[in-house]
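A quick write-up on the structure given underneath.
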Amino acid sequence: MEKIGATDVIFDFNNNDTRLCSYFGWEFNNSHAFYNYAVGYKKAADATYEAFKKAVINSDIETTDTICYPLVFLYRHIVELLLKFSYIRIKSIRIPEEIRSFLNKNHDLQKLWDSVKIDFERLSKRLGDDIDSDAVEHYINEFIKYDKKSMAYRYPIEKNLNRFHDKGLYLNTPVLKESMDKFFYYMVHIIDRLSDSYEDDECNPEFEEVFFKILNESLHIVKETVLKIEHNLEESNKTIPNKKWLDFSDIDIDNLYSDKADTYVWVNSFSEKEKSLLIILYIAGTYLQNAHLAEEKNERRKDVLKLIYSSVQSDFSLDSPKSQIKDNYFTDKIAYGGKYTVEAIKRTLHELEVDL
């Protein structure tokens, strides 16, 4: 047996070989930190279960009969971390007092779930999602039943000396593992789904008024732009051979440079407001492809405007002046845009219920 010493290094944060290190603490005070902790404990649970399987194969009864304590504790802690992660993640605007009050519920799964359940049910109804809150509650209740205070699998007795487990029990460990895998990935999925809600986002009323004024005035320009992009796509399909591999002989160099000159003239024919509008419609459309909008018609339209307002960069705001950044972006994404550009612009207009 190797002896321990009073000068042994235990926590070494000065190892130059980062391959042998765990890097943590960079997440700051946000929901992602809770997610990382949950992932870490999930991986620890997976590794613990692998040790259980190995013990079963080797008929190592000592391990199979004792490893349940850390395994159940890990799973219970994962449940707690997921509830805390969801509370902070799915509602973007929470004052510090709210978060402190929530975290002061400590390890009480019932109190934690009571707070999270309100958000789950409200947001799932808003987005029209079929989230099974009853099933989530069932899992939580099972842990409350067998480990109410997060102590039963950490210690054998309570402070009053009563045993946590006063009779022998056979725990079906593979069933526990299978169920908790399902629970973990289900929770991560619905937290991600609900966190994309635009419920707490804002849209400046003045921006909305100006945006629709410019959109209505420039709708014919938007239509002409979409038609030109679609025309260019059709022409390119005619001129470029349908080959798996192309060589220089397949490309008409003269027409290529002529097209660039024409495009330059076309780009400079737009006003700055028109360029900004088309860029905004395009950017919003790319976000809308995976956005989770409210199901109710008026709320959905508001969500689109919130997304547009929040996604517009200062360089592309409606009143932004001429700039190299804007011209380059416009040329790349709009003037030389393809099918994806057309789809993005049309997607935004469709969500705003504007006919092109």
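Each residue of the sequence shown is one higher than the last, beginning at 306 in my numbering. Built from N, CA and C at the ideal position, the CB exists for glycine as well. This structure is a prediction, so every number in the text was calculated from the model and none was measured.
On the premise that residue j lies in contact with residue i, defined as a C-beta separation below 8 Å, what is that separation, rounded to the nearest angstrom?
i      : j      : result
Leu387 : Thr353 : Not confirmed; about 18 Å, so no contact.
Phe621 : Ile584 : 5 Å
Tyr475 : Phe469 : In fact, because the Cβ distance is near 17 Å, the residues do not count as touching under 8 Å.
Val617 : Glu535 : About 25 Å; that fails the 8 Å criterion.
Arg394 : Ser455 : Their Cβ separation, rounded to whole angstroms, is 22 Å, which puts Arg394 and Ser455 out of contact at 8 Å.
Asn320 : Cys326 : 5 Å
Leu623 : Ala589 : Incorrect: roughly 13 Å between the Cβ atoms, too far for contact.
Leu538 : Lys638 : Rounded, the Cβ-Cβ distance is 15 Å, inconsistent with contact.
Tyr374 : Tyr491 : The pair is not a contact, with the Cβ atoms about 25 Å apart (cut-off 8 Å).
Give the DSSP bridge partners of residue i, in chain order.
i      : result
Ile462 : Arg468
Would you kindly report the start and end of the unbroken alpha helix (DSSP H) that includes residue i?
i      : result
Cys373 : 373-394
Leu657 : That residue, Leu657, is in no alpha helix (DSSP H); it is neither H nor E in DSSP.
Ser589 : According to the sequence provided, residue 589 is Ala. The question's Ser does not apply to it. Where Ala589 is concerned, the enclosing alpha helix (DSSP H) stretches over 577-593.
Phe489 : 478-500
Ala338 : 336-362
Ile613 : 602-616
Ile630 : 629-634
Thr368 : 366-369
On the three-state DSSP scale, how would you describe residue i?
i      : result
Asn409 : coil
Leu325 : helix
Glu442 : helix
Trp571 : helix
Arg431 : helix
Asn542 : helix
Ser563 : With a pLDDT of 48 at Ser563, under the threshold of 50, the modelled position of this residue cannot be trusted; read the value that follows with caution. Here Ser563 sits in helix by DSSP.
Ser455 : coil
Tyr645 : helix
Pro401 : helix
Leu520 : helix
Pro510 : helix
Asp662 : Missing from the structure shown is residue 662; the chain here goes from 306 to 661 and no further.
Thr312 : coil
Phe333 : coil
Glu504 : coil
Asn320 : coil
Leu417 : helix
Asp637 : helix
Determine, using beta carbons only, whether residue i and residue j come nearer to each other than 7 Å.
i      : j      : result
Glu513 : Leu379 : no
Ile449 : Leu408 : no
Ser574 : Ser625 : no
Trp418 : Ile445 : yes
Ala360 : Thr371 : no
Arg427 : Ala599 : no
Glu577 : Lys627 : yes
Phe339 : Phe390 : yes
His597 : Asp506 : no
Cys508 : Tyr634 : no
Val572 : Ala640 : yes
Lys396 : Asp434 : no
Leu593 : Glu656 : yes
Ile496 : Glu579 : no
Lys528 : Leu661 : yes
Phe489 : Lys308 : no
Thr478 : Phe357 : yes
Tyr262 : Asp608 : Shown here, the chain extends from 306 to 661; a query on residue 262 therefore has no answer.
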